[in-house]
Amino acid sequence: MEKKKFKEQVETIREAFGYINRFRNETFVIKINSSLITHPSFPILIADLVLLHRMGIRIILVPGAKQRINEILDTYNIGYEFVKGIRITQPEAVPFIKMASFDVSNKVMTLLAENNTNAIIGNWVKARSIGVRNGTDYKFSGIVDSIKTDIIMKILDERMVPIFPNIGWSATGKPYNISSNELAMSISKELNAAKLFFLTDFGGIPADRFKLTPDTVVTGEGIISQLTVEQAGSLIDQNPSQVRGITMELLSLGYNACRGNVRRVHIVDGRAEGMLLKEIFSNRGFGTMIYSNQHENIRKMTYNDIPFVMSIMEDAIDEDILVSRSPDSLKEKLDDFVVYEVDGTIHGCGALHRYPGKTAEVAGSAVDSSYTNLGTGKKILSYLIETATKAKIKKVFVLTTQSSDWFQSIGFKEGKIEDLPAERKKTYNKKRKSRVLIYTISKARRGKIIGSE
Ligand SMILES: CC(C)(COP(=O)(O)OP(=O)(O)OC[C@H]1O[C@@H](n2cnc3c(N)ncnc32)[C@H](O)[C@@H]1OP(=O)(O)O)[C@@H](O)C(=O)NCCC(=O)NCCS
21 MEKKKFKEQV ETIREAFGYI NRFRNETFVI KINSSLITHP SFPILIADLV
71 LLHRMGIRII LVPGAKQRIN EILDTYNIGY EFVKGIRITQ PEAVPFIKMA
121 SFDVSNKVMT LLAENNTNAI IGNWVKARSI GVRNGTDYKF SGIVDSIKTD
171 IIMKILDERM VPIFPNIGWS ATGKPYNISS NELAMSISKE LNAAKLFFLT
221 DFGGIPADRF KLTPDTVVTG EGIISQLTVE QAGSLIDQNP SQVRGITMEL
271 LSLGYNACRG NVRRVHIVDG RAEGMLLKEI FSNRGFGTMI YSNQHENIRK
321 MTYNDIPFVM SIMEDAIDED ILVSRSPDSL KEKLDDFVVY EVDGTIHGCG
371 ALHRYPGKTA EVAGSAVDSS YTNLGTGKKI LSYLIETATK AKIKKVFVLT
421 TQSSDWFQSI GFKEGKIEDL PAERKKTYNK KRKSRVLIYT ISKARRGKII
471 GSE
């Protein structure tokens, strides 16, 4: 087998094992779009959820019921309308909405039973009326007041899967129709979930609907790949005209969840077979992920990281893009290197070597092939420039043979060998003929993310 392919397969197995250990006993809240429940691939999706459950992940399911509610209301000739995406729930619709909501929950429970998995449907949500907003009375539509987390914890401890219908009850037992998207977000926050999933029938958030900031990472398929919580916040602020769309609703809920204690929110296509597993067990996601801090993945390199960093650099060294380095030379410069780690696996590296005269060199930047074009390289470089800025360094240079366009796209400018510090001039490899590029850290640039200028 081709060396590169073999290496990739081994990486995938390592990643999967890493994730199994990492997520055991963590809570995942999974909102399932109502249209998925009648999709031909739904039994496979449930089988995948069962796999996660068997691995020791604490799964909570929130099946959406919109489609089923519409069907039942249509069957019984009960009219309905939506205002700003929220259903106005007339009193006569309430028993039918409860019927539809428990019907979808039952369907999910039946499929779990077919997979030998214990599940339970319950009345664990306290709700209150939305009331009248801007002159619209939403009648029996409600919002989540609180979740009976103590009961849910016990159910999860018993290795059962709680299923939440989209109904909440007032203190006096009055039922309210609540949004299952909001419900999933509230549960994930209350239970400090590691992940909140919105399994949709359209995939992640399409980039073409939004005015994006320059540092937003978009996949080849036109999906916003990942957003820090700050980026998600500015996207919401800058796109008010989108406010009623489902993508904006999920973006806002994801933002809200991450501002709580939820570590990551994933918006993925639930129709595509295996998509959920891919999203969890390969750290390159396929939908949109919202997470809390862009630098949380960057940390100093440790001695134990050296073999993995060597492996990431290997291809670029083979192609003569990077200078070959030995484990000992990396060990000597341990403090200069940082690594980009996602869920326990290293995907990128870079170093900042300091020289006298407020000058530093960026070197050894590399990103593994499964993680390129996701903004990883820029994040590492941005981190190194921030480190240089904090150390009051004025000039950062890089010597590069084949990546000058990349550095220039980020703000580096052409320089000369004469611009290098004396010590570095001596070690400049004349045969290699690397280009010199320079990034000047002006006061105005401090604090800015590279690429956003
Ligand atoms: C260069 C490298 C670090 C970029 O990492 P990355 O995480 O893919 O980069 P980002 O996602 O931040 O940026 C991707 C963008 O840079 C472009 N790009 C990547 N490598 C490039 C190169 N060598 N020259 C020009 N543009 C490049 C991509 O096409 C993409 O462009 P787009 O945003 O217009 O689609 C990575 O490709 C790598 O490891 N290359 C081999 C080692 C190397 O060249 N290191 C530099 C040391 S001198």
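The working numbering applies: residue 21 is where the sequence shown begins, and numbers increase by one.
The beta carbon of each residue, even a glycine, is placed where N, CA and C say it ideally should be.
From a predicted model like this one, the values you see are computed outputs, not experimental measurements.
Report task. Please list, following the chain, all residues that have a C-beta closer than 5 Å to any non-hydrogen atom of ligand 2. Result -> With respect to ligand 2, the structure shown offers nothing to examine, as its ligands consist of ligand 1.
Query - Strand pairing of ILE80, partner residues [DSSP] - result: VAL49
Query raised in the report: How many Å lie between ILE80 and SER161 at the Cα?
Result: 23 Å
**Report entry** VAL30, buried or exposed, once every other Cβ within 10 Å from all chains shown has been counted against 16
**Finding:** exposed
Query raised in the report: Nearest to SER206 by CA position, among LYS146, ARG78 and ALA292, is which residue?
Result: Looking at the Cα atoms, LYS146 is the closest of the given residues.
**Report entry** ILE167 versus LYS215, SER54 and ILE187, residue with shortest Cα-Cα distance
**Finding:** When LYS215, SER54 and ILE187 are compared, the shortest CA-CA separation from ILE167 is found for ILE187.
Query raised in the report: Quick one: what's got a C-beta closer than 6 Å to VAL237's C-beta in the same chain, skipping five residues either side?
Result: SER245, GLN246, LEU394 and GLY395
Query raised in the report: Does the beta-carbon distance from ALA477 to ALA408 come in below 8 Å?
Result: Nothing can be reported for residue 477, as the shown portion of the chain is limited to 21 through 473.
Query raised in the report: How many Å lie between GLN110 and LYS159 at the Cα?
Result: 6 Å
Query - One or two residues paired with ILE183 in a DSSP bridge - result: LEU81 and ILE141
Report task. Could you please give the first and the last residue of the uninterrupted beta strand (DSSP E) stretch that includes HIS73? Result -> HIS73 -> not in any beta strand (DSSP E); alpha helix (DSSP H) instead, spanning 62–74.
Report task. Could you check how far apart the C-beta atoms of VAL382 and VAL418 are, in whole angstroms? I think they sit under 8 Å. Result -> 5 Å
Query raised in the report: Within this structure, are the beta carbons of SER307 and LEU65 separated by less than 8 Å?
Result: Here the sequence assigns Gly to residue 307, which means Ser is not the residue at that position. Result no, Cβ atoms of GLY307 and LEU65 do not sit closer than 8 Å.
Query raised in the report: Between the segment 212–220 and the segment 247–263, do three or more beta carbon pairs fall short of 8 Å?
Result: no
Requested in this report: Could you check how far apart the C-beta atoms of ILE332 and CYS369 are, in whole angstroms? I think they sit under 8 Å.
Outcome: Between the beta-carbon of ILE332 and that of CYS369 there is about 6 Å, and that keeps the pair under the 8 Å contact cut.
Query raised in the report: According to the neighbour-count rule (16 or more other Cβ atoms, all chains shown, within 10 Å of its Cβ), is VAL152 buried or exposed?
Result: exposed
Query - Rounded separation between ASP325 and ALA371 - CA only - result: Rounded to the nearest whole angstrom, the C-alpha separation of ASP325 and ALA371 is 14 Å.
Query raised in the report: Which whole-angstrom value describes the C-beta separation of LEU255 and LEU271, a residue pair presumed to lie in contact below a C-beta threshold of 8 Å?
Result: 6 Å
Query raised in the report: Out of curiosity, what's the CA-to-CA distance linking HIS315 and GLU406?
Result: Because HIS315 sits at a pLDDT of 49, beneath the cut-off of 50, its placement in the model cannot be relied upon, and the following sentence gives the value as read from the coordinates. Computed Cα separation, rounded: 11 Å.
Query - TYR39 burial status per 10 Å Cβ neighbour count (16 or more: buried) - result: buried
Query raised in the report: DSSP three-state call for ILE400: helix, strand or coil?
Result: helix
Query raised in the report: Taking the Cβ atom as the reference point for each residue, do ILE300 and ILE225 lie within a distance shorter than 8 Å?
Result: no
Query raised in the report: Which first and last residues belong to the beta strand (DSSP E) in which ALA371 is found?
Result: 365–375
Query - Coil, strand or helix - ASN449 by DSSP - result: Three-state DSSP puts ASN449 in coil, outside helix and strand.
Requested in this report: Taking the CB atoms as reference points, tell me whether ILE318 and ALA252 lie closer together than 8 Å.
Outcome: Their beta carbons are not under 8 Å apart, which means ILE318 does not touch ALA252 by this criterion.
Requested in this report: Rank LYS194, GLY364 and PHE357 by C-alpha distance to the C-alpha of HIS373 and give the top, closest one.
Outcome: PHE357
Query - Where ALA464 sits in the DSSP three-state scheme - result: A caution first: ALA464 carries a pLDDT of 46, below 50, which makes its placement in the model unreliable, though a value can still be read off. ALA464: helix per DSSP, three-state reduction.
Query raised in the report: Is it buried or exposed for ASP388, if we count other Cβ within 10 angstroms and need 16 for buried?
Result: buried
Query - C-alpha gap between PRO327 and ILE108, whole angstroms - result: 59 Å
Query raised in the report: Do the CB positions of VAL416 and LEU440 come within less than 8 Å of each other?
Result: no
Query raised in the report: Cα separation between ASN154 and LYS414?
Result: 54 Å
Requested in this report: Mind checking which residues open and close the alpha helix (DSSP H) that includes ASN201?
Outcome: 200–210
Report task. Could you check how far apart the C-beta atoms of SER125 and ILE141 are, in whole angstroms? I think they sit under 8 Å. Result -> 5 Å
Requested in this report: Using DSSP bridges, identify the partner residues of TRP189.
Outcome: LYS146 and PRO195
Query raised in the report: Can the beta-carbon of THR233 be found closer than 8 Å to that of ASP340?
Result: No, Cβ-Cβ distance for THR233 and ASP340 is not below 8 Å.
Report task. Taking the CB atoms as reference points, tell me whether GLU386 and LEU342 lie closer together than 8 Å. Result -> It is worth fixing the name first, because residue 386 is Ala in this sequence and not Glu. For ALA386 and LEU342, yes; Cβs fall inside 8 Å.
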